[in-house]
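Novice: In the working numbering, each residue's number is its place in the sequence shown (first place is 1) plus 84. Provided herewith is a single structure, encoded as structure tokens, for subsequent inquiry.
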Amino acid sequence: MAEYDYDLFVIGAGSGGVRAARVSAAHGAKVAIAEEYRVGGTCVIRGCVPKKLLVYGAHFAEDLKDARRFGWNVPEPCEFDWATLRDNVLSEVDRLNKAYSQTLDSHGVEMILERATVSGPNEVTLASGRTVRAERILIATGARPSVPPCPGHEHGITSNEVFHLDRLPKRILIAGAGYIANEFAGIFNQFGTKVTLINRSDVILRGYDESIRDRLLQISMTKGIDFRFHAEFRGIEKMDDGCLRVSMTNHEDMVVDCVLFATGRVPNTEGLGLAEAGVEIDAKGAVKVDADNRSAVESIYAVGDVTNRVQLTPVAIREGQAFADTIYGGKPTRVDYDCIPAAVFSHPPMAGVGMTEGEAKNRLGSVKVYTSDFRAMKDVLADRHERALYKMVCDATNDRVVGLHMIGPDAPEILQAAAVAVKAGLTKADFDNTVALHPSMAEELVLLK
Ligand code: FAD
85 MAEYDYDLFV
95 IGAGSGGVRA
105 ARVSAAHGAK
115 VAIAEEYRVG
125 GTCVIRGCVP
135 KKLLVYGAHF
145 AEDLKDARRF
155 GWNVPEPCEF
165 DWATLRDNVL
175 SEVDRLNKAY
185 SQTLDSHGVE
195 MILERATVSG
205 PNEVTLASGR
215 TVRAERILIA
225 TGARPSVPPC
235 PGHEHGITSN
245 EVFHLDRLPK
255 RILIAGAGYI
265 ANEFAGIFNQ
275 FGTKVTLINR
285 SDVILRGYDE
295 SIRDRLLQIS
305 MTKGIDFRFH
315 AEFRGIEKMD
325 DGCLRVSMTN
335 HEDMVVDCVL
345 FATGRVPNTE
355 GLGLAEAGVE
365 IDAKGAVKVD
375 ADNRSAVESI
385 YAVGDVTNRV
395 QLTPVAIREG
405 QAFADTIYGG
415 KPTRVDYDCI
425 PAAVFSHPPM
435 AGVGMTEGEA
445 KNRLGSVKVY
455 TSDFRAMKDV
465 LADRHERALY
475 KMVCDATNDR
485 VVGLHMIGPD
495 APEILQAAAV
505 AVKAGLTKAD
515 FDNTVALHPS
525 MAEELVLLK
């Protein structure tokens, strides 16, 4: 041990790094963690948490309107104040940031609030110039937004800045078609901003079940979001009045107040000294690791978004936990990547687990699909004309449910519980044998015909 300052040095205090550091320390390791921005990482500081709070805030636009149909006297117009929501969300982020720091502290993890780079298989150099030696190094540096290199791209913002806007833009152009683009399109649209989403192809939310994403597209268009497909950025020009003129392929120029790039995330490996230390990096910049999160260098490991396996918080946390239990807990553990549930917190939200109908047809050949296309009871009374859609995909040879996909109110909350059944390999008959909980939306899952 004297050879090293620490048993483990973790670079990056996000979802994966914090879990790995805390659990390794609890297993008895001497651990330090370096963070260049804020403890908590993307999820807590500028990802899942503030995003979900904005989604809640945005949903009041519909709730308040619907409330009138339920007898509530809601003044018209009903005003929304962005600064109040923004500041309350940012204070909650501050609270969580402190809570994460306290957790590390109470587990005896040394926190170093500086950028760190790798300067050898067992050596880390801090921004202050200090070098430290560690028996093992864990790279948990996450990912960052990627921005297309078009002229004027510096006038746009990314999800890093969106939580801090001084005021709500009247018109926003969102580039991208993944979950972050669609979530912010829904958020801003509910706040009354004119939203245009532009995308290089004509497919949104690639990888999600086709019927579910088609339903979201249809509902989003009905709610007033404009979609421009086959549109690639040519450039952004800042005009004298501060507005942004955006030019793109196949469509006319647009003038907006804000451009939000949600065009993917790239692993944070640049300038980290990894290649020089012998760590292999793939074509997308991700650290290549084996099933035990070990890189090409024996003493260097990586977990979370920087490995570009599944870029989700619960996955980063599991990888961090598996690393700590395997190396310091005497309990070899590997993450099971099968049946990871995922959600899009759009308006309405969608969620899915397992194979989409398309994937199941390709992989299994013979599949049975059951759907329920319905209007939620609450939406009927509210005179809201959007329909929920649930889809169950089964292996036709043995009745096993291999995929569950849904869009509608509370879809992520319902899907998390149903994902247990899919992961456990239950059959359609098992769902049918469960008595419905009435009246609920979730009961549709046990009443599928
Ligand atoms: P991170 O949480 O990104 O942590 C990496 C940390 O390393 C950062 O704090 C960074 O500052 C630090 N760092 C980087 N380089 C260095 C260095 N050289 N020295 C010191 N520190 C360094 N996931 C979900 O599961 N559900 C969601 O709803 C969801 N919503 C999201 C919404 C948005 C807008 C975004 C951007 C992401 C969202 N995600 C969501 C993804 C989720 O945030 C990430 O998958 C998760 O945070 C990955 O954890 P991580 O530990 O790999 O990296």
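Even glycine gets a Cβ: it sits at the ideal position worked out from N, Cα and C.
For Gln405, is the classification buried or exposed, using 16 other Cβ atoms within 10 angstroms of its Cβ as the cut-off for buried?
Specialist: Along the sequence shown, read from residue 1 onward, the residue named residue 405 stands at position 321. It is buried - the Cβ of Gln405 has at least 16 other Cβ atoms within 10 Å.
Novice: With distance defined between alpha-carbon atoms, name the residue in Ser243, His248, Arg251 and Leu328 nearest to Asn266.
Specialist: Taking the first residue of the sequence shown as 1, we reach residue 266 at position 182. It is Ser243 whose Cα lies nearest to the Cα of Asn266.
Novice: So is Phe275 in contact with chain D if we call contact Cβ pairs under 8 Å?
Specialist: Looking for chain D here will not work: only one protein chain is present.
Novice: Cutting at 6 Å between CB atoms, please list the residues of its own chain near Gly319, excluding the five before and the five after it.
Specialist: Here residue 319 corresponds to residue number 235 of the sequence shown, with the count starting at 1. Around Gly319: Cys234, Pro235, Gly236 and Ser331.
Novice: Three-state secondary structure (DSSP) at Thr455?
Specialist: What you label residue 455 is simply residue 371 of the sequence shown in a count that begins at 1. Strand.
Novice: For Arg217, report the span of its beta strand (DSSP E) as first-last.
Specialist: Here residue 217 refers to the residue found at position 133 of the sequence shown. Arg217 -> beta strand (DSSP E) spans Thr215 to Ile223.
Novice: Check each candidate in Asn517, Ile264 and Phe154 and name the one with the smallest Cα separation from Asp467.
Specialist: Locating residue 467 in the sequence shown gives position 383, where the first residue counts as 1. Ranking the options by Cα distance to Asp467, first place goes to Phe154.
Novice: May I have a chain-ordered list of the alpha helix (DSSP H) segments no shorter than 4 residues that lie completely inside the region 87–175?
Specialist: Runs of the alpha helix (DSSP H) inside the region 87–175: 99–110, 125–130 and 132–153.
Novice: In its own chain, which residues sit with a C-beta less than 6 Å from the C-beta of Ile95, not counting the 5 before and 5 after it?
Specialist: Taking the first residue of the sequence shown as 1, we reach residue 95 at position 11. Contacts found: Ala118, Ala200, Ile223 and Thr225.
Novice: Bridge partners for Phe345 per DSSP, in chain order?
Specialist: Position 261 of the sequence shown, counted from the first residue, corresponds to residue 345. Bridge partners of Phe345: Ala259.
Novice: Taking DSSP's pairing of strands, which residues face Leu210 in a bridge?
Specialist: Counting from one through the sequence shown, the residue named residue 210 turns up at place 126. Beta-bridge pairing links Leu210 to Ala200.
Novice: Among Glu443, Lys507 and Lys415, which residue has its Cα nearest to the Cα of Tyr421?
Specialist: Translated into the one-based positions of the sequence shown, residue 421 becomes position 337. Comparing Cα positions, the closest option is Lys507.
Novice: For a test of the three-state rule: what should DSSP assign to Tyr184, helix, strand or coil?
Specialist: Mapped onto the sequence shown, residue 184 falls at position 100. Correct three-state label for Tyr184: helix.
Novice: Between which two residues does the alpha helix (DSSP H) containing Lys507 stretch?
Specialist: If you number the sequence shown from 1, residue 507 lands on position 423. Its alpha helix (DSSP H) spans residues Ala495 to Lys507.
Novice: Do Val485 and Leu510 have their C-beta atoms closer together than 8 Å?
Specialist: On the sequence shown, residue 485 is found 401 positions in, with the first residue counted as 1. On the sequence shown, residue 510 is found 426 positions in, with the first residue counted as 1. Contact: yes.
Novice: Do Phe93 and Ala261 come within 8 Å of each other at the CB atom, strictly closer than that value?
Specialist: The count along the sequence shown starts at 1 and reaches residue 261 at position 177. The count along the sequence shown starts at 1 and reaches residue 93 at position 9. In this structure, Phe93 does not lie closer than 8 Å to Ala261 by Cβ.
Novice: Under a three-way DSSP split, which group does Phe429 fall into?
Specialist: The residue given as residue 429 occupies position 345 in the sequence shown. Residue state, collapsed to three classes: coil.
Novice: According to the neighbour-count rule (16 or more other Cβ atoms, all chains shown, within 10 Å of its Cβ), is Leu465 buried or exposed?
Specialist: Within the sequence shown, numbered from 1, the residue matching residue 465 stands at position 381. Exposed, by the Cβ-count rule.
Novice: Closer than 6 Å by C-beta to Arg220: which residues in its own chain qualify, once you throw out the five before and the five after it? Chain order, please.
Specialist: Walking along the sequence shown from the start, residue 220 turns up at place 136. Excluding positions up to five away in sequence, the list reads Leu92 and Ser383.
Novice: What does DSSP give as the partner residue(s) for Met323 in the beta ladder?
Specialist: In the sequence shown, residue 323 corresponds to position 239, counting from 1. DSSP lists no partner for Met323.
Novice: I'd like the list of long-range same chain contacts for Glu87, defined as Cβ closer than 6 Å, with 5 residues on each side in sequence excluded.
Specialist: Indexing the sequence shown from 1 puts residue 87 at position 3. Excluding positions up to five away in sequence, the list is empty.
Novice: Going by DSSP, name the residue or residues bridged to Ala472.
Specialist: Within the sequence shown, numbered from 1, the residue matching residue 472 stands at position 388. In the DSSP output, where bridge partners are listed per residue, Ala472 has Phe458.
Novice: Looking only at its own chain, which residues have a Cβ that is under 8 Å from the Cβ of Ala151, when we skip the five neighbours before and after it?
Specialist: Here residue 151 is taken as the residue at index 67 of the sequence shown, counted from 1. Correct list, in chain order: Val158.
Novice: Are there any heavy atoms of the ligand FAD lying less than 7 Å away from the beta-carbon of Thr347, as far as the coordinates show?
Specialist: Mapped onto the sequence shown, residue 347 falls at position 263. Answer for Thr347: no, Cβ out of range of the ligand FAD.
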